[in-house]
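Novice:
In our numbering, the protein residues as written are 130 to 325.
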């Protein structure tokens, strides 16, 4: 169970998975394929913004950034507009895991195509963990103690939290958020996944 108390010196970051796309709805692996939000995803982003309006602790979120993929950028824009947050430029290193030749396939298709789990061109998990951890450390170094929202992708966020805080999260649903606290080498999970 995470410790929900917080130190005023611990920078806080909300990690958000983007809203739903048609490929999410259809069970297709997206990876770095640039699939836009659908109407359900936009509604989810608005609902999540309302949830984020009540911050963990007494300091409201101040700025938001995202992966450059359109589903994350639009989710960030909706949240920024609704909460009046500073919208920062997207960060390339927040992009989703590359799934190589598996992108676009459904779970059933993957089971037939890759029965032993191998997926040519897929970014290794350890590389993803290292990339995500480094990306969050850079963001915290750039923005100091600013309460920051980061909109990215489910697999990327799971690997990042594992790399930073040593916590293995279950699959994150669309428009789900977790909150981490920390900077540099000291991180902890302050709030487990919550969905609007």
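Beta carbons are placed, not taken as given, at the ideal position from N, Cα and C, and that holds for glycine.
(1) With DSSP as the reference, label residue 139 as helix, strand or coil.
(2) Does DSSP put residue 223 in a helix, in a strand, or in coil?
(3) Relative to the C-alpha of residue 281, which residue among 173, 158, 205 and 176 is closest?
(4) Residues in the same chain with beta-carbon distance under 8 Å from residue 309, minus the five sequence neighbours each way, listed in chain order, please.
(5) Would you check if the distance between the CB atom of residue 175 and the CB atom of residue 202 is smaller than 8 Å?
(6) Let me see if you follow: with CB-CB separation under 8 Å, is residue 268 close to chain E or not?
(7) What is the DSSP secondary structure of residue 209, reduced to helix, strand or coil?
(8) Just the Cα atoms here: how many angstroms apart are residue 276 and residue 218?
(9) Nearest to residue 156 by CA position, among 322, 231 and 306, is which residue?
Specialist: Once the coordinates are examined:
(1) coil
(2) helix
(3) Comparing Cα positions, the closest option is 205.
(4) 141, 142, 144, 265, 290, 293, 294, 316, 317, 318 and 319
(5) no
(6) Note that chain E does not occur in the displayed structure, where there is just one protein chain.
(7) helix
(8) Computed Cα separation, rounded: 16 Å.
(9) 231
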